[in-house]
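Chemist:
Numbering (the numbering used here), first residue to last: 194 to 312.
Quick look at the structure:
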């Protein structure tokens with residue numbers, strides 16, 4: 194008896210995207226998506242500031258261009274973490290569509306938390 198033909202595994206399973214340290218975004222995302230990314234980043238930055246090393250749990254290795262400037266006052270660290278998170282997210286947007294959806298999240302964030310972190 195002949196065996197039924199089956200498609201190779203690569204044709205039946207969705208292909209996973211390669212894992213990048215900075216997950217790039219090419220489509221519009223809902224506010225909840227951006228909130229999750231934002232909170233993950235600010236938590237990783239808080240860990241880094243507290244222990245002077247990258248947060249290995251998130252797997253987010255800091256790029257030198259996002260490092261904290263020398264001499265920043267301790268009271269300004271929370272605002273700087275927010276600013277850093279938005280810088281990382283902006284650089285993750287590959288398209289205008291993705292950037293616009295991030296902009297909608299940023300506007301919502303500013304409406305709730307204010308914009309003192311932008312300075």
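No residue lacks a Cβ here, since even glycine has one placed at the ideal position from N, Cα and C.
1) Less than 8 Å separating the beta-carbons of residue 221 and residue 301?
2) Report the partner residues of residue 218 according to the DSSP bridge assignment.
3) Roughly how many whole angstroms lie between the Cα atoms of residue 311 and residue 278?
4) Just to check my reading of the structure: residue 274 and residue 239 have Cβ atoms closer than 8 Å, yes? What is that Cβ distance to the nearest angstrom?
5) So, is residue 241 buried or exposed, given that buried needs 16 or more other C-beta atoms within 10 angstroms?
6) In or out: residue 232 buried (at least 16 other Cβ within 10 Å) or exposed?
7) Please list, in chain order, all residues of the same chain as residue 219 whose beta carbon is under 7 Å from its beta carbon, the five residues on each side excluded.
Modeler: On the basis of the coordinates in this document:
1) Sequence index remark: in the chain shown, residue 221 carries index 28 (1-based). Sequence index remark: in the chain shown, residue 301 carries index 108 (1-based). No.
2) Numbered from 1 along the chain shown, position 25 holds the residue referred to as residue 218. Beta-bridge pairing links residue 218 to 286.
3) Position 118 of the chain shown, counting from 1, holds the residue named residue 311. Position 85 of the chain shown, counting from 1, holds the residue named residue 278. If you take the alpha carbons of residue 311 and residue 278, they lie about 11 Å apart.
4) For the purposes of this step, residue 274 is taken as the residue at position 81 of the chain shown. For the purposes of this step, residue 239 is taken as the residue at position 46 of the chain shown. So it is a contact: roughly 6 Å between Cβ atoms.
5) For the purposes of this step, residue 241 is taken as the residue at position 48 of the chain shown. Buried, since its Cβ has 16 or more Cβ neighbours within 10 Å.
6) For the purposes of this step, residue 232 is identified with residue 39 of the chain shown, where counting begins at 1. Its Cβ having fewer than 16 others within 10 Å, residue 232 is exposed.
7) Stepping through the chain shown from its first residue, residue 219 is reached at position 26. Taken in chain order, the residues that qualify are 287, 288, 291.
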